[in-house]
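To start, the structure under review is shown below, and the notes come after it.
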Amino acid sequence: MSGKFRVPARIRTAMAVCTAAGLACAALTALPASAAQDSLSAQYRTSASGATADQVEPWLEVTNTGSTNVALSNVTVRYYFKSDGPTVSYRFACSWAVKGCANVTGTFGTLANPTATADRYLEIGFTSGAGSLAPGQNTGDLQLRFYRADWQTINQADDYSFNGAQTSYADWSKVTVQDAGALVWGTAPDGNDPTQPPTTPPTTPPTDGGGNPDGPTLFDDFSYTSSSDPAVQQHGWTVKSGQGGPGVAGATWSPQDVTFVADGSGKVMNLKLTTDGTASGTRETEIQTTARKFKNGTYAARVKFNDTPTGGPDGDHVNQTFFTFTPLNAPMDPDYSEQDFEYLPNGGWGETQSIMYETSWETYNPDPWNAVNTHGQQYGSLDGWHDLQITIDNTYITYYIDGQQVAQHGEPYLPETPQWIDFNHWLIDTAGQTGSTPRSYNEQVDYVYFVKDQVLTPAQVQSAVAGLRSAGTAFKDTVPGS
């Protein structure tokens, strides 16, 4: 079975209309008392209909056809398939879900009685955050996928639950639905009726933090004189120069446009982007840590976004960022990772209004484009100062803006190796504003803060930063090298 996720980097799928199925579960034996009043059905379609594919894409809906509310945290769905070999492993991902991908889980299991069309299964579950289904309601789209960990092509023609002809939602009895461990829909491969969930039912991800802010720390309030100040390099920063991606081919990365300007009683870093609507007339800015030594922990920065230029026409597709990443050593490098805040004040990537993305990357192929990522998004202006935070542990990547959680992603997007920390300000394309009058946009950064291996709450971050500043600490780096 296979692996590469071939979709645009910023896929945004329209929300499907939730509809109730007209057919009830057929020919079931008597159910345990705990599930006797619950009746559920499953609808299936695939968006990867070929006999072979880069990934299996079982898109599912679960419908409550009974007369009582059903807690989704008690519901599991199994999709059965024939593995491509006894040593082949698979990875699950949720591309999009009406209930939210953070509330959808996926685990793989091995059948006790293998058949010619199935020896494994993918079991889909729900956290308590998915809520419940009232009679007649369904979950809406669950746009799911799984792929080989070695990125090889999948043969799905011999998979029990696969139906390449079913490209629109319809009832499908070759996936099973369990409620509190009892089979309530579908037919499993011979001799493999599910009876109990294979794992402890998922729980709501912890949100109370409680990490130790005294762990190994990086803090910088960017009180430098210029980008050529020797302390910039001494403190472990590299300012980008020359040409190259991301952004408009032929644009230049300009170190002199990374400046440190007065703001109240201190200084902030200013990343200026200037353009006249042409590649040769575009100057972008970027600064990143020299060392790759940041992985699990808490990342935070106070960033000022600007929606309008300091002069000249507005509307350019600029990207103002705070992120962490690793190098892509080869197409579909399994050790690549990236977690982004990307603010597009004038839209871009098909959007026509202000939008913020929180994107978590597993890997990608630059040519032909093939991206394995997932994202959160919020429409509306973020002009002004904002507190941005990312926490990473062995289970979740969680994004916060101004103390509020805005996105959360799990496997397969967790980083595998140490990463850099980066800020950049760049032009996506020249289509947003075609005027030739030069104009400049500013992104400003008050501080950056990282604590290794600790998941802190936003309140803990604010307290720790305030403590560093009250002690007169302008720079601190006790994070060990990778």
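The opening residue of the sequence shown carries number 74 in the working numbering; numbering runs sequentially from there.
The C-beta atom is built at its ideal place from N, Cα and C for all residues, glycine as well.
Fair warning: this is a prediction, and the values are worked out from it, not measured in the lab.
- [ ] May I ask you to check if the CB of D294 is nearer than 7 Å to at least one heavy atom of the ligand SAM?
- [x] As far as ligands go, the structure on display features none, and thus does not contain the ligand SAM.
Task: For Q225: DSSP bridge partner residues - done: Here residue 225 refers to the residue found at position 152 of the sequence shown. According to DSSP, Q225 bridges with nothing at all.
- [ ] Please say whether Y469 and E431 have beta carbons closer to each other than 8 Å?
- [x] Translated into positions along the sequence shown, residue 431 becomes position 358. Translated into positions along the sequence shown, residue 469 becomes position 396. No, these two residues do not count as a Cβ contact at 8 Å.
Open item on the list: DSSP three-state label for P303, please.
Closed with: On the sequence shown, position 230 is the one that residue 303 refers to. It is helical.
Task: Buried or exposed (CB count within 10 angstroms, at least 16 for buried), V248 - done: Counted from its first residue, the sequence shown places residue 248 at position 175. By the neighbour-count rule (16 or more Cβ atoms within 10 Å), V248 is buried.
Open item on the list: Let me check understanding here. Comparing Cα to Cα, which of S205, T125, T180, Y163 lies closest to S140?
Closed with: Walking along the sequence shown from the start, residue 140 turns up at place 67. That would be S205, whose Cα lies nearest to the Cα of S140.
TODO: Assign V538 to one of three DSSP states: helix, strand, or coil.
DONE: The residue you call residue 538 lines up with position 465 of the sequence shown. Taken through DSSP and simplified to helix, strand or coil, V538 comes out as helix.
Open item on the list: Give me the residue from G123, G545, R151, A185 with the minimum Cα distance to T178.
Closed with: Start at 1 with the first residue of the sequence shown, and residue 178 comes out as number 105. Nearest of G123, G545, R151, A185 to T178, Cα basis: R151.
- [ ] Within the same chain, show all residues whose beta-carbon is closer than 8 Å to that of A261, passing over the 5 residues directly before and after it, in chain order.
- [x] As a first step, residue 261 is located in the sequence shown; it is residue number 188 there, counting from the start. Only R151, Y153, T249, P267 meet the Cβ criterion.
Task: CB of T363 within 8 Å of CB of G309, strictly - done: As a working note, residue 363 is residue 290 in the sequence shown. As a working note, residue 309 is residue 236 in the sequence shown. Yes, the Cβ-Cβ distance between T363 and G309 is below 8 Å.
Task: Close-in-space but distant-in-sequence residues of the same chain around D550 (CB under 6 Å, 5 per side omitted) - done: As a position in the sequence shown, residue 550 is number 477, starting the count at 1. Here the set comprises L291.
Task: D302 to G505 span [Cα, whole Å] - done: In the sequence shown, residue 302 corresponds to position 229, counting from 1. In the sequence shown, residue 505 corresponds to position 432, counting from 1. Linking D302 to G505 through their CA atoms gives a straight-line distance of about 35 Å.
TODO: Grab me the residues of G95's own chain with a C-beta within less than 8 Å of its C-beta, minus the 5 sequence neighbours each way, in chain order.
DONE: Translated into the one-based positions of the sequence shown, residue 95 becomes position 22. Low confidence applies to G95: its pLDDT is 32, below 50, so where it sits in the model is not reliable, and the reading given next is rough at best. Once the five neighbours on either side are set aside, G95 has no close Cβ partner at all.
Task: Short Cβ contact (8 Å threshold) for V376 with E516 - done: For the purposes of this step, residue 376 is taken as residue 303 along the sequence shown, with counting starting at 1. For the purposes of this step, residue 516 is taken as residue 443 along the sequence shown, with counting starting at 1. Yes, they are a contact pair.
- [ ] Quick one: grab the DSSP three-state call for Q527.
- [x] Taking the sequence shown and counting its residues from 1, the one referred to as residue 527 is at position 454. Of the three classes helix, strand and coil, the one that applies to Q527 here is coil, per DSSP.
Task: Contact under 8 Å by Cβ, R221 with D157 - done: Position 148 of the sequence shown, counting from 1, holds the residue named residue 221. Position 84 of the sequence shown, counting from 1, holds the residue named residue 157. Yes. Within cutoff.
TODO: Report the three-state DSSP secondary structure of N343 (helix, strand or coil).
DONE: Within the sequence shown, numbered from 1, the residue matching residue 343 stands at position 270. Strand at N343.
Open item on the list: Threshold first: 3 residues or longer. Then list the beta strand (DSSP E) segments lying entirely within the segment 361-387, N to C.
Closed with: 370-378
Task: Assigned secondary structure, N137 (DSSP; H/G/I helix, E/B strand, else coil) - done: Counted from its first residue, the sequence shown places residue 137 at position 64. Strand at N137.
TODO: Please report the Cβ distance between L215 and I197, rounded to the nearest whole angstrom; I am assuming they are in contact, meaning their Cβ atoms lie under 8 Å.
DONE: Locating residue 215 in the sequence shown gives position 142, where the first residue counts as 1. Locating residue 197 in the sequence shown gives position 124, where the first residue counts as 1. About 7 Å; that satisfies the 8 Å criterion.
Task: Closest by C-alpha distance to G213, when choosing among D192, L145, V321 - done: To locate residue 213, count along the sequence shown from 1; it is residue 140. For G213, the nearest C-alpha among the options comes from L145.
Open item on the list: Under 8 Å, Cβ to Cβ, is there at least one residue of chain B near N443?
Closed with: The chain inventory of the structure shown lacks chain B, comprising one protein chain alone.
Task: Residue from L417, M342, T311 with nearest C-alpha to N456 - done: If you number the sequence shown from 1, residue 456 lands on position 383. Here residue 456 is Asp; the residue named in the question, Asn, does not match the sequence. Ranking L417, M342, T311 by Cα distance to D456 puts L417 first.
Task: Complete runs of the beta strand (DSSP E) confined to the segment 425-513 [at least 3 residues] - done: Complete beta strand (DSSP E) runs here, min 3: 428-439, 442-452, 457-465, 470-474, 477-482, 493-500.
Open item on the list: Below 8 Å, how does it come out for the segment 474-490 and the segment 338-353: are there three or more Cβ pairs, yes or no?
Closed with: Output reads no: the segment 338-353 does not touch the segment 474-490.
Task: Enclosing beta strand (DSSP E) for T178 [first to last residue] - done: Indexing the sequence shown from 1 puts residue 178 at position 105. From DSSP, the beta strand (DSSP E) with T178 extends over 177-183.
- [ ] Note down the Cα distance separating V129 from S201, rounded to an integer number of angstroms.
- [x] Translated into the one-based positions of the sequence shown, residue 129 becomes position 56. Translated into the one-based positions of the sequence shown, residue 201 becomes position 128. Approximately 26 Å, taken between the alpha carbons.
Open item on the list: Can you list, in chain order, the residues of its chain with a C-beta nearer than 8 Å to that of Q527? Leave out the 5 residues immediately preceding and following it.
Closed with: Walking along the sequence shown from the start, residue 527 turns up at place 454. Contacts found: G284, N285, P286, G288, G370, T371.
- [ ] Whole angstroms is fine: what's the gap from G209's alpha carbon to A253's?
- [x] By 1-based counting over the sequence shown, the position of residue 209 is 136. By 1-based counting over the sequence shown, the position of residue 253 is 180. G209 and A253: Cα-Cα distance of roughly 19 Å.
Open item on the list: DSSP has C174 in a bridge; who is on the other side?
Closed with: For the purposes of this step, residue 174 is taken as residue 101 along the sequence shown, with counting starting at 1. DSSP lists no partner for C174.
Task: Identity of the residue in T447, G453, Q492 nearest Y486 by Cα - done: Along the sequence shown, one-based indexing puts residue 486 at 413. Here the closest residue by C-alpha is T447.
Task: Proximity winner among L401, N419, E411, relative to D387 (alpha-carbon distances) - done: As a working mapping, residue 387 is identified with position 314 in the sequence shown. For the residues L401, N419, E411, the minimum Cα distance to D387 belongs to N419.
Open item on the list: Quick check on A539: buried or exposed, where buried means 16 or more other Cβ atoms within 10 Å of its Cβ?
Closed with: As a working mapping, residue 539 is identified with position 466 in the sequence shown. Burial check for A539: the Cβ neighbour count within 10 Å stays below 16, so the residue is exposed.
Open item on the list: Buried or exposed for N265, going by 16 or more other Cβ atoms inside 10 Å?
Closed with: Locating residue 265 in the sequence shown gives position 192, where the first residue counts as 1. Burial of N265 is indicated by the presence of at least 16 other C-beta atoms within 10 angstroms of its C-beta.
TODO: Report buried or exposed for D413, applying the criterion of at least 16 other Cβ atoms within 10 angstroms of its Cβ.
DONE: As a first step, residue 413 is located in the sequence shown; it is residue number 340 there, counting from the start. Burial call: buried.
- [ ] Quick one: residues in its chain with C-beta nearer than 8 Å to the C-beta of N186, no 5 flanking neighbours on either side, listed in chain order?
- [x] One-based indexing of the sequence shown puts residue 186 at position 113. Beyond the five residues adjoining it in sequence on each side, N186 comes within less than 8 Å, by CB distance, of P262, D263, G264, N265 in the same chain, given in chain order.
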